[in-house]
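**Q** Please read through the structure below; I'll follow up with questions.
In the working numbering, the protein residues as written are 999 to 1266.
Here it is, written out as structure tokens:
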């Protein structure tokens, strides 16, 4: 493949023919299944399983929703973060790894099932307690969250729920709207707007993470050159294509977490 603003030419005015592009095998540093993946071993596998940047990112959506509510209840915020941490950060990722081993951990199926079941039960217990002690209107969200987690990560119903749209709804809009509703106890415009904003952020995340996963996990080599506007060829490489994607994802994960922390701090 070649990208060019104008063709390179020789001193005689004839188009220059670039050298045959080389095939670059994936270097060792891009052989990891994710930019945050640690080395193998029980501790490393468990930490990698949590997807730390993405888990913090998605938990921040709950905090953002809570922060725009008319009143922010610190205890509801903390319990909600714990529930979503168990559900989204632990159970969902354990089921995802159980399904097709995208992170290539060495955790046994039994361990993954135990981790997923325990975490999901803990999250549901917190949700039920919220329904009883905070507001009964949270009940549909608790049920919907549990069903979606299973449907998405186990790719039930023929994988119909395992799509970019459902990812944005379930991992972006849903926690933000739940955070708002848990504190506001009503549906209002700020809750809808923050849910839409977090949905859009999740779409952006997916647009970056999908090609990054394709390059990192399902690409053996890259072949091609880029012809600059000055006519100079630049060989493409797997590391070069991955760097801006991974960099943007890492920066966005930090930005969303810091933004959520700032908004919560301003309300306390």
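Think of the CB as a built atom: it goes at the ideal place given N, C-alpha and C, for glycine as much as any other residue.
1. So, with DSSP's three-state summary, where would you put residue 1119?
2. Pull up the CB-CB distance for residue 1051 and residue 1200, whole angstroms please, since I reckon it's below 8 Å.
3. Tell me whether residue 1064 counts as near the ligand ATP, meaning its Cβ is closer than 7 Å to at least one heavy atom of that ligand.
4. Taking Cβ to Cβ, would you say residue 1167 is nearer than 8 Å to residue 1197?
5. Find out if the Cβ-Cβ distance for the pair residue 1047, residue 1085 is shorter than 8 Å.
6. Quick check on residue 1129: does DSSP put it in helix, strand or coil?
7. Look at the alpha carbon of residue 1140 and the alpha carbon of residue 1169, and state the distance between them as a whole number of angstroms.
8. Write down every uninterrupted run of the alpha helix (DSSP H) in the segment 1182-1245 whose length is 4 residues or greater and which is fully enclosed by it, in chain order.
9. Within the same chain, show all residues whose beta-carbon is closer than 8 Å to that of residue 1208, passing over the 5 residues directly before and after it, in chain order.
10. If the criterion is Cβ atoms closer than 8 Å, does the pair residue 1117 and residue 1089 meet it?
11. Counting along the chain, where does the alpha helix (DSSP H) carrying residue 1051 start and finish?
12. Does the beta-carbon distance from residue 1031 to residue 1102 come in below 8 Å?
13. Please specify which runs of the alpha helix (DSSP H), each continuous and at least 4 residues long, are wholly inside the segment 1133-1186, giving them in chain order.
14. With a cut-off of 8 Å, do at least 3 Cβ pairs link the segment 1177-1189 to the segment 1073-1082?
15. By DSSP, does residue 1032 sit in helix, in strand, or in coil?
16. Mark residue 1068 as exposed unless 16 or more other C-beta atoms lie within 10 angstroms of its C-beta, in which case mark it buried.
17. Could you pull out every residue in the same chain whose Cβ sits closer than 8 Å to the Cβ of residue 1246, ignoring the five residues on either side in sequence?
18. Rounded to a whole number of angstroms, what is the C-alpha to C-alpha distance between residue 1133 and residue 1056?
19. With residue 1071 and residue 1151 assumed to form a contact (beta carbons below 8 Å), what rounded beta-carbon distance in angstroms separates them?
20. State the Cα-Cα distance for the pair residue 1188 and residue 1064, rounded to the nearest angstrom.
21. If I measure Cβ to Cβ from residue 1120 and keep anything under 7 Å in the same chain, skipping five residues before and after, which residues do I get?
22. Any idea if residue 1156 is buried or exposed, counting beta-carbon neighbours within 10 angstroms, 16 or more meaning buried?
**A** Working from what's here:
1. As a working note, residue 1119 is residue 121 in the chain shown. It is helical.
2. Indexing the chain shown from 1 puts residue 1051 at position 53. Indexing the chain shown from 1 puts residue 1200 at position 202. Incorrect: roughly 14 Å between the Cβ atoms, too far for contact.
3. Inclusion of the ligand ATP in the displayed structure is not the case, the ligand content being empty and no account of it being possible.
4. Along the chain shown, one-based indexing puts residue 1167 at 169. Along the chain shown, one-based indexing puts residue 1197 at 199. Cβ atoms of residue 1167 and residue 1197: closer than 8 Å.
5. Position 49 of the chain shown, counted from the first residue, corresponds to residue 1047. Position 87 of the chain shown, counted from the first residue, corresponds to residue 1085. Against a cut-off of 8 Å, the Cβ pair of residue 1085 and residue 1047 comes out as no contact.
6. Working through the chain shown from its first residue, we reach residue 1129 at position 131. Three-state result, residue 1129: helix.
7. Position 142 of the chain shown, counted from the first residue, corresponds to residue 1140. Position 171 of the chain shown, counted from the first residue, corresponds to residue 1169. So the two alpha carbons sit approximately 14 Å from each other.
8. 1187-1216
9. What you label residue 1208 is simply residue 210 of the chain shown in a count that begins at 1. Same-chain partners within the cutoff: 1162.
10. Here residue 1117 refers to the residue found at position 119 of the chain shown. Here residue 1089 refers to the residue found at position 91 of the chain shown. Yes. Within cutoff.
11. Residue 1051 sits at position 53 when you count from the first residue of the chain shown. From DSSP, the alpha helix (DSSP H) with residue 1051 extends over 1050-1065.
12. Residue numbering aside, residue 1031 sits at position 33 when the chain shown is read from its first letter. Residue numbering aside, residue 1102 sits at position 104 when the chain shown is read from its first letter. The answer is yes: Cβ separation under 8 Å.
13. 1137-1151, 1162-1166, 1172-1182
14. yes
15. By one-based count along the chain shown, residue 1032 stands at place 34. Three-state result, residue 1032: coil.
16. In the chain shown, residue 1068 corresponds to position 70, counting from 1. By the neighbour-count rule (16 or more Cβ atoms within 10 Å), residue 1068 is not buried but exposed.
17. Here the question's residue 1246 lines up with position 248 in the chain shown. Closer than 8 Å at the Cβ level, and outside the excluded window around residue 1246, lie 1206.
18. Sequence index remark: in the chain shown, residue 1133 carries index 135 (1-based). Sequence index remark: in the chain shown, residue 1056 carries index 58 (1-based). Looking at the two C-alpha atoms, the distance is approximately 23 Å.
19. Within the chain shown, numbered from 1, the residue matching residue 1071 stands at position 73. Within the chain shown, numbered from 1, the residue matching residue 1151 stands at position 153. Incorrect: roughly 30 Å between the Cβ atoms, too far for contact.
20. Here residue 1188 corresponds to residue number 190 of the chain shown, with the count starting at 1. Here residue 1064 corresponds to residue number 66 of the chain shown, with the count starting at 1. Straight-line Cα distance between these residues: approximately 10 Å.
21. Here the question's residue 1120 lines up with position 122 in the chain shown. Only 1084 meet the Cβ criterion.
22. Taking the first residue of the chain shown as position 1, residue 1156 is located at position 158. With fewer than 16 Cβ atoms within 10 Å of its Cβ, residue 1156 is classed as exposed.
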